[in-house]
Amino acid sequence: MYFDYAATTPVLSEIKEQAIELLNKYENPSSVHLKSKGVKSEIELTREKVAKLLNTNPKHIFFTSGATESNNTVIKGFYYKNKEVKHHYFTSSIEHPSVLEPIAYLNEHSDFSYSHIPLQNILDTNALERTVVEEKPTFCSFMMANNETGTIFPITEIASILHQNNSYFHIDATQAIGKIDVDVTKLNVDALSFSGHKIFAPKGIGILYLKDPDSIMPLFHGGGQEKGVRCGTENVFAILSLRIAIDYFLENFDKIEAHYNLCRTYFLSLLKQKNISFALNESEGLANILSIRFGMKGDAMADILNFKYGSMISVGSACSENKDVKKLSHVLKNMGLEDHEIQKTTRISFGIETTLEDIGKLVNNIEDVLSIYQ
Ligand code: PMP
């Protein structure tokens with residue numbers, strides 16, 4: 091049973107059914123043949139769908155390989171586009187490494203400064219405003235929802251503060267897309283990133299929304315694809331698959347939202363019914379992500395559930411697994427949790443295929459593990 095949808099999602103069955111047909115569209119979209127032009131126009135149909143999902147015009151949408159590339163492109167691309175400016179970048183202390191690391195890289199290699207604002211100052215918009223007025227950032231990047239806890243940032247309010255102070259505003263909406271409304275026109279952001287594999291499309295496809303496509307210097311130079319913003323032959327299979335996933339979300343958004351709410355409520359009510367003691371690290375975040383502590387170490391709980399019971403939960407972000415030195419989650423630390431609380435934390439995330447029956451079995455498994463190992 092899979093409860094790690096925040097790390098990635100299975101490919102939608104509608105995509106799997108059409109996969110061979112999509113893979114047969116092998117022609118290079120930039121070639122002159124009639125069939126190539128057909129592939130190109132299908133790519134444009136996907137661009138229209140993404141634009142519809144984000145409520146914008148397709149000319150603002152660019153395909154990349156994923157959110158990591160989109161984040162790097164906008165963070166480094168804004169700097170290189172405006173090199174003459176003395177930059178100060180500004181992010182939260184709980185961003186994904188694909189935002190924190192490119193900023194740290196620029197800091198190491200350029201005449202450039204940055205700061206991380208504590209989470210409580212972002213959620214308290216008066217405190218945020220005071221910091222912005224004082225620090226005058228040229229560029230700011232915040233996530234819309236956190237990947238470990240589901241914490242949701244007040245993006246519209248933040249955008250208004252930043253724009254009043256002439257800062258460029260990028261959001262990482264990787265975890266928010268498909269869970270909450272993400273309307274770039276209402277949010278009034280300058281740039282946005284997300285990855286298709288978090289919404290049931292295959293891996294290897296990402297989106298970069300740019301209000302002004304000329305606001306960044308591209309990272310890849312080459313054959314001029316994606317209007318020069320992201321050169322390289324398009325990942326046709328993944329782009330066309332993303333269209334199927336987005337269609338699914340556009341048609342079923344209300345149902346999906348209700349499903350996530352039901353999964354969360356049901357899971358928590360079963361824990362209470364069974365008198366299993368637990369604590370939530372975030373109670374108002376995305377419905378499908380639970381950052382939750384039980385009475386034993388989180389990594390032990392996750393390992394036993396994964397290997398003994400086949401219930402795949404996580405202790406935090408999958409990306410942190412690639413680091414040589416395992417550190418306590420910077421997200422939970424910056425949210426003010428004590429080390430012993432972080433060590434007890436697990437992440438359980440639900441998806442469209444999660445059933446109430448699976449949740450019932452998971453709770454039984456958790457009860458079992460606690461009774462034996464606590
Ligand atoms: N941002 C956030 C908030 C994420 O959760 C992730 C994936 N865990 C990324 C960026 C990076 O996405 P990808 O690995 O698909 O490039």
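Last residue of the sequence shown? That's 464 in my numbering, and every number before it is there in order. Where a beta carbon is used, it is the ideal one built from N, C-alpha and C, also for glycine.
- Distance between I449 and F202 (C-alpha atoms, nearest Å): 48 Å
Cutting at 6 Å between CB atoms, please list the residues of its own chain near P292, excluding the five before and the five after it. V101, A328, S331
Which residues mark the beginning and the end of the beta strand (DSSP E) in which M402 is found? M402 -> no beta strand (DSSP E), and no H or E assigned at all.
For this session: Hey, could you find the ends of the beta strand (DSSP E) T228 is sitting in?
Result: Counting along the chain, T228 falls outside any beta strand (DSSP E), and DSSP gives it neither H nor E.
Can you tell me where the alpha helix (DSSP H) holding T436 begins and where it ends? From DSSP, T436 is part of no alpha helix (DSSP H) but of the beta strand (DSSP E) over 435 to 439.
Taking the beta carbon of K166 as the centre, do at least 16 other beta carbons fall within 10 Å, making it buried, or is it exposed? buried
State the beta-bridge partners of K203 as determined by DSSP. Strictly speaking, residue 203 in this sequence is Ser, with Lys absent from that position. S203 pairs with H178.
Worksheet item: Which residues bound the alpha helix (DSSP H) around L330?
Response: 326 to 363
Using a Cβ-Cβ cutoff of less than 8 Å, which residues in the same chain neighbour I334 once the five nearest sequence positions on both sides are dropped? L102, E104, I105, Q108, A291
### Query
How about S231 and I207: do their beta carbons lie closer than 8 Å?
no
Rounding to the nearest angstrom, what Cα-Cα distance links A392 and S401 in this structure? 8 Å
message = Tell me the DSSP secondary structure of G296 in three-state form.
response = strand
Nearest-angstrom Cα distance between L144 and D271? 8 Å
### Query
Using DSSP with H/G/I as helix, E/B as strand and the rest coil, what is Y463?
helix
Does the distance from the C-beta atom of L422 to that of T436 stay below 8 Å? no
| said: Taking 7 Å as the limit between beta carbons, can you name the residues of its chain near D429, skipping five residues before and five after? | reply: L418
message: Can you confirm whether the stretch 346 to 354 touches the stretch 108 to 126 when touching is taken to mean that 3 or more C-beta pairs between the two stretches lie within less than 8 Å?
response: no
### Message
Taking the alpha helix (DSSP H) that Y170 belongs to, which residues open and close that run?
### Response
157 to 171
- Query: Any chance the CB of G156 is under 7 Å from a heavy atom of the ligand PMP?
  - Reply: yes
Classify H311 as helix, strand or coil using the three-state DSSP reduction.
-> coil
key: As assigned by DSSP and simplified to three states, the class of D302   = coil
Buried or exposed by the 16-neighbour rule on C-beta atoms within 10 Å, applied to R383: buried
Exercise. Just the C-alpha distance for S461 and I394, rounded to the nearest angstrom, thanks.
Key: 13 Å
Practice problem: Would you grab the beta carbon distance between G240 and E111 for me? Rounded to a whole angstrom, and I think it's under 8 Å. | Solution: Contact flag wrong, Cβ pair sits at about 36 Å.
With a 10 Å radius around its C-beta and 16 neighbouring C-beta atoms as the bar for buried, classify A96 as buried or exposed.
buried
So S250 and V222 are supposed to be a Cβ contact under 8 Å. How far apart are they, rounded? So it is not a contact: roughly 11 Å between Cβ atoms.
**Message:** Rounding to the nearest angstrom, what Cα-Cα distance links M452 and F368 in this structure?
**Reply:** Contrary to the premise, residue 452 reads as Leu rather than Met in this sequence. Answer to the nearest angstrom: the Cα atoms are 14 Å apart.
Inter-residue spacing [alpha-carbon to alpha-carbon] between N147 and I403:
38 Å
- Just how far apart, CA to CA, sit G79 and L358? Outside the displayed range of the chain (91 to 464) lies residue 79, so it cannot be described from this structure.
Worksheet item: Looking only at C-alpha atoms, which of K276, T445, S188, P308 sits nearest to Y356?
Response: T445
- May I ask whether a heavy atom of the ligand PMP can be found less than 7 Å away from the beta carbon of T264? yes
Q. Bridge partners of T154, per DSSP?
A. G296
Query raised in the report: Can you check whether the CB of D262 is closer than 8 Å to the CB of H186?
Result: yes
- Using beta-carbon positions only, say whether E225 and H178 come within less than 8 Å of one another. yes
| field | Integer Cβ distance of L209 from M425, believed to fall under 8 Å | value | 6 Å
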